[in-house]
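Undergrad: There's a structure below that I have some questions on.
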Amino acid sequence: MNNQGAIWVKSGADKRKVTAREEMQRLFQSEGLVYADEIPVLHSSIADIEPSLFRHYYENRYEETLEESGLPLPRLLDAMDNSHLPACYCLEKHHKSSNPHLWLKRPSARQ
1407 MNNQGAIWVK
1417 SGADKRKVTA
1427 REEMQRLFQS
1437 EGLVYADEIP
1447 VLHSSIADIE
1457 PSLFRHYYEN
1467 RYEETLEESG
1477 LPLPRLLDAM
1487 DNSHLPACYC
1497 LEKHHKSSNP
1507 HLWLKRPSAR
1517 Q
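Under the numbering used here, the letters of the sequence shown match residues 1407 to 1517, in that order.
If you want it as structure tokens, here you go:
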């Protein structure tokens, strides 16, 4: 990255400027700076949450059941400091061919 924020990739003797947002995300993820399962999903709402996946995530992350938290889902999400829903909450409803359990391991591994 240069002092103007441009990202350059060197391949052999050549180098090129990275312009695609997706490529930047892959670079940041490969260096552990961004995790795909934590990227907000714009225009998502509580209706997009797959209940069983959220329950699994919450119980593994916080070591308590949703019932033990004593909070309704909207308050619980606010308490978790999420202005947008991370991809792992919405994944199953929108990407039936992917394996959601792979996406849920990263947050619980960083407790």
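A virtual CB, placed ideally from N, CA and C, is assigned to each residue, including glycine.
#1: Hey, quick one: how far does the alpha helix (DSSP H) through Asp1484 stretch, first residue to last?
#2: The alpha helix (DSSP H) spanning Ser1458 covers which residue range?
#3: Got a sec? Which residues, its chain only, sit under 8 Å from Arg1422 by beta carbon, not counting five neighbours each side?
#4: Starting from Ser1417, trace the beta strand (DSSP E) in both directions and tell me its first and last residue.
TA: Reading from the atomic positions:
#1: 1479-1485
#2: 1457-1468
#3: Trp1414, Val1415
#4: 1413-1417
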